[in-house]
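Asks:
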Amino acid sequence: MAEIVLDKVSKRYPDGALAVSDIDLTVGDGEFVILVGPSGCGKSTTLNMVAGLEDITTGELRIDGERMNERAPKDRDIAMVFQSYALYPHMSVRENMAFPLRLAKAPHEEVRRRVEEAARVLDLTEHLDRRPANLSGGQRQRVAMGRAIVREPKAFLMDEPLSNLDAKLRGQMRTSLSRLQKQLGTTTVYVTHDQTEAMTLGDRIVVLQAGHVQQIGSPQHLYDRPSNLFVAGFIGSPSMNFLTAVVEDGHLRTPLGEVPLTDRVRRHLEAADAPRELIVGLRPEHFEDAALVEEHVREEGRTFTATVDVLESLGSEKYAHFALETEGVRARQLQDLADVTGSADLATGGTAQLVTRLSATSGARENAELTVWFDPDRLVLFDPDSGTNLTYEG
Amino acid sequence: MPVETASPGRRRTWWTFVNVVVIVYALLPVLWIASLSFKTKETVTDGNLVPRDWTLSNYGDIFRTDEFVRALINSIGIALIATFIAVALATMAAYAVARLEFPGKRALVGVSLLIAMFPQISLVTPLFNIERELGLFDTWPGLILPYITFSLPLAIYTLSAFFREIPWELEKAAKMDGATPAQAFRRVIAPLAAPGVFTSAILVFIFCWNDFLFAISLTSSEASRTVPAALSFFTGSSQFEDPTGTISAAAVVITVPIVLFVLFFQRRIVAGLTSGAVKG
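Right, dumping it as structure tokens:
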């Protein structure tokens, strides 16, 4: 049980590359914090610095109030689960799990008891005498977890522990991991590039990009109030739609029609001294087939009509894609996001794309016109240059 | 042009034939030496592969001479000590080459390659003079030192290839599990590198065992003369006697330790020992 504090922690490599820049983060006792971001964003480096596998260039790392910068990994009392599991191939499952205890010179009887307890929790009892080479991916993953929990350390560090599993198993392991962490109540820092994993597992999420913290908050907070374009585009699947918009006479002119600005939003825009040209963000799930929206609700929202380009039916819902006859948005942060996620359609600068999620009962058909309803209150406005969210504070 | 596609059966016949040719080519001289060693002095020149008169007198003769037994002891001692030291040093050096970044790493690798390529014959005269000055001439260390020098590059290259195969994360995991760097090396890295250590031990031992150039140049008496050098001093009991039989017997005898050595360590070279460490 421990509180982990990163106080303006930075990592600069000898070649001058800045991997992590001034991270301020306090992981509370028993909290499950996720570091999420695209590859190369500095999340693994941050984790390695907490572990002690990489030196901290500047700043301070404290665990339970004690400075840890100069401590060797073995003196920090932290366990780590690696993406590759890093099981010792020449040891049996039992020996693998007992290894940290043996190093700590625990009595034989206690080692046996704790290994068997961990094996029971992780459903590994019958595999205790097998070698890692003879285990399936999921079993290896559990052995790696077991090696971490037998020691009852102050904190767990997990570096993409589920990314080598297939999708179905990953879903199962996610649930049991979450249950295990709650059961043990051990402070956990978890690194992933998968925003779904981040959303479902974490008490709090830290979004990183190019070594900088973009936003820290609960999954719902990040989803509802992304602080900038990067977070808005990264969190949520399918990702948020971005369109260009212009402010004119208290109205917002968007490719989906004119939308009045509420007083609250107008005040925010004025306070931020926002430019007239903005980027408007709308989540796919905030649209609906207008035919399915009740009359009085429809009045409160806006509708637009366009031709469905592609229709994907998932059974429980439908995704209608539209190709709008306007230019797509250009913003530096969206370009960054497109670069790292490889989804070129976010910022191609070609025609704007729009994804909408509709109820399964929608009668939408491909290449047919469809009227779609949306709630203008859900619009989020961003500054195209800085990427800052102009609709909410913080 | 019709493309001829050989049937699997024909291909197998062809490969069997090629293998047999290679094996016969490689083993015939060995068989010939073995055959000579069992022949009596009278039939040694009869040209038969299978001796007509079997005798063990050649073996009896060589073990009765103090010269050969002494040389055998020298050979075993010098080769084992040189192998042990060279492999121990090479293990540490190879680990550093494979895992650490340090100034002069490229230079070190370059220099060790240079030593491996250096023609040994050109060093014999300087070594002869140096060793006489230092009092190392005709002693065990006088042979052990050059053997270590010339086998280190080979051992470092072999071992660093093995170390590179061991996933980095295993060492990080060991550190996280509470191991000191020394414990991580001893309990995780070294056991996994064992096949590499045994492989390079075999190679170094064979190199030391078979060396003739240094053995003949840097020794002058039974104090340190090894078997390959001692063989060249074999003569019959009179100048009219032909020592072919005894030389053959000695050649067979010194081949046996190599075969044993390889057989003994081969069982430890378990391929794919590292499989299962990472996702694989």
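So the protein sequences, as listed, match chains A and B.
Mapping of the first sequence onto UniProt numbering: position 336 corresponds to residue 336, and the numbering continues sequentially without gaps.
Mapping of the second sequence onto UniProt numbering: position 66 corresponds to residue 66, and the numbering continues sequentially without gaps.
Heads up, the beta-carbon is just placed ideally off N, CA and C, and yes, glycines get one too.
Under the three-state reduction of DSSP, which class applies to Thr55 (chain B): helix, strand or coil?
Replies: Coil at Thr55 (chain B), not helix or strand.
Asks: Could you check what DSSP says for Ala344 (chain A) in three-state terms: helix, strand or coil?
Replies: With a pLDDT of 49 at Ala344 (chain A), under the threshold of 50, the modelled position of that residue is not reliable, and no figure is offered here.
Asks: Pull up the distance between the alpha-carbon of Glu294 (chain A) and that of Ser313 (chain A), whole angstroms please.
Replies: Their Cα atoms are separated by approximately 23 Å.
Asks: Going by DSSP in three states, Ala19 (chain A) sits in which element: helix, strand or coil?
Replies: Residue state, collapsed to three classes: strand.
Asks: Give the interface partners of Asp211 (chain B) over in chain A, defined as CB-CB distance under 8 Å, in chain order.
Replies: Per Cβ cutoff of 8 Å: no residues; Asp211 (chain B) is ~35 Å from chain A at best.
Asks: In chain A, what lies closer than 7 Å to Thr180 (chain B) by C-beta?
Replies: Neighbours of Thr180 (chain B) on chain A, chain order: Lys74.
Asks: Please classify Glu171 (chain B): does DSSP put it in a helix, a strand, or coil?
Replies: Helix, per DSSP.
Asks: Any C-beta of chain B sitting closer than 9 Å to the C-beta of Arg112 (chain A)?
Replies: No, its Cβ sits nowhere closer than 9 Å to a Cβ of chain B.
Asks: Nearest to Thr307 (chain A) by CA position, among A:Arg298, A:Arg365 and A:Val297, is which residue?
Replies: Among A:Arg298, A:Arg365 and A:Val297, the Cα nearest to that of Thr307 (chain A) is on A:Arg365.
Asks: Which residues bound the beta strand (DSSP E) around Ser313 (chain A)?
Replies: Arg302 to Ser313 is the span of the beta strand (DSSP E), which, as asked, contains Ser313 (chain A).
Asks: Check the Cβ of Gln120 (chain B) against every Cβ in chain A and list those closer than 7 Å, keeping chain order.
Replies: What Gln120 (chain B) touches in chain A: nothing, since even the nearest Cβ is about 38 Å away.
Asks: Can you give the beta carbon distance from Val259 (chain A) to Ile23 (chain A), rounded, assuming they're within the 8 Å contact cut?
Replies: Wrong, their Cβ atoms sit about 38 Å apart, outside the cutoff.
Asks: Closer than 9 Å, CB to CB, is Ile78 (chain A) near chain B or not?
Replies: Cβ-Cβ to chain B under 9 Å: yes for Ile78 (chain A).
Asks: Which residues of chain B have a Cβ atom closer than 9 Å to the Cβ of Leu103 (chain A), listed in chain order?
Replies: Result: Ala174, Asp177, Gly178, Ala179, Thr180, Gln183 and Arg187.
Asks: Just the Cα atoms here: how many angstroms apart are Gly42 (chain A) and Leu154 (chain B)?
Replies: The alpha-carbon atoms of Gly42 (chain A) and Leu154 (chain B) are separated by roughly 40 Å.
Asks: If you run the structure through DSSP and keep just helix, strand and coil, what is His221 (chain A)?
Replies: Correct three-state label for His221 (chain A): helix.
Asks: Could you tell me which uninterrupted alpha helix (DSSP H) segments, each at least 4 residues in length, are contained entirely in the segment 184-238 of chain A, listed from first to last along the chain?
Replies: The qualifying runs are 195-201, 219-224 and 229-234.
Asks: Which residue from A:Ile4, A:Val9, A:Val5 and A:Leu358 puts its Cα closest to that of Gly211 (chain A)?
Replies: Measuring from the Cα of Gly211 (chain A), the nearest candidate turns out to be A:Val9.
Asks: Please tell me whether Gly42 (chain A) has its Cβ less than 9 Å away from any Cβ of chain B.
Replies: So no, Gly42 (chain A) is outside the interface.
Asks: Specify whether the segment 100-112 of chain A and the segment 176-188 of chain B touch according to this definition: at least 3 beta carbon pairs, one from each stretch, less than 8 Å apart.
Replies: As far as the Cβ criterion goes, the segment 100-112 of chain A touches the segment 176-188 of chain B, which means the pair count is three or higher.
Asks: Counting only beta-carbon atoms, is Ala306 (chain A) nearer than 9 Å to chain B?
Replies: Not an interface residue.
Asks: Return the chain-ordered ranges of every alpha helix (DSSP H) run that is complete within the segment 5-68 of chain A and spans a minimum of 4 residues.
Replies: Listed in chain order, they are 43-51.
Asks: Just curious, the beta strand (DSSP E) that Asn241 (chain A) is in, first and last residue?
Replies: Segment Asn241 to Glu248, the beta strand (DSSP E) holding Asn241 (chain A).
Asks: Give me, in chain order, the residues of the same chain whose beta-carbon lies closer than 8 Å to that of Asp29 (chain A); leave out the 5 immediate sequence neighbours on both sides.
Replies: Result list for Asp29 (chain A): Met1, Ala2, Glu3 and Thr187, in chain order.
Asks: Check Ala271 (chain B) in the structure and name its three-state DSSP category.
Replies: Low local confidence applies: a pLDDT of 48 at Ala271 (chain B) is under 50, so the model's placement there is unreliable, and no value is given.
Asks: Leaving out five residues before and five after Ala368 (chain A) in sequence, what residues of the same chain have Cβ atoms less than 8 Å from its Cβ?
Replies: Hits under 8 Å: Thr307 and Val308.
Asks: When you compare only the Cα positions, how much space is there between Thr371 (chain A) and Ile235 (chain A)?
Replies: Roughly 27 Å separates the two Cα atoms.
Asks: Measuring only between beta-carbons, confirm whether Ala17 (chain A) sits less than 9 Å from chain B.
Replies: Output row for Ala17 (chain A): interface = no.
Asks: Just tell me which of B:Trp209, B:Val259 and B:Ala251 has its CA closest to the CA of Ile81 (chain B).
Replies: Here the closest residue by C-alpha is B:Trp209.
Asks: Cα-Cα, which of A:Gln83, A:Val206, A:Glu109 and A:Glu317 is closest to Met145 (chain A)?
Replies: When only C-alpha atoms are compared, the closest one is A:Gln83.
Asks: Going by Cα to Cα distance, which pick from B:Arg99, B:Leu89, B:Ala79 and B:Ile166 is closest to Ala215 (chain B)?
Replies: Ranking B:Arg99, B:Leu89, B:Ala79 and B:Ile166 by Cα distance to Ala215 (chain B) puts B:Ala79 first.
Asks: Whose C-beta lies closer than 8 Å to the C-beta of Met176 (chain B) among residues of the same chain, with five residues either side of it excluded?
Replies: Nothing meets the Cβ criterion.
Asks: Contact criterion: CB-CB distance below 9 Å. Does Phe99 (chain A) meet it with respect to chain B?
Replies: Yes, Phe99 (chain A) lies at the interface with chain B (some Cβ there is under 9 Å from its Cβ).
Asks: What are the uninterrupted segments assigned as alpha helix (DSSP H) that are 4 or more residues long and contained completely in the segment 137-188 of chain B, given in chain order?
Replies: List check, alpha helix (DSSP H) in window: 140-165, 168-176 and 181-184.
Asks: Would you call the segment 243-262 of chain B in contact with the segment 188-207 of chain B, where contact means no fewer than 3 C-beta pairs closer than 8 Å?
Replies: Output reads yes: the segment 188-207 of chain B touches the segment 243-262 of chain B.
Asks: Does the distance from the C-beta atom of Arg174 (chain A) to that of Leu157 (chain A) stay below 9 Å?
Replies: Taking 9 Å as the Cβ cut-off, Arg174 (chain A) and Leu157 (chain A) do not qualify as a contacting pair.
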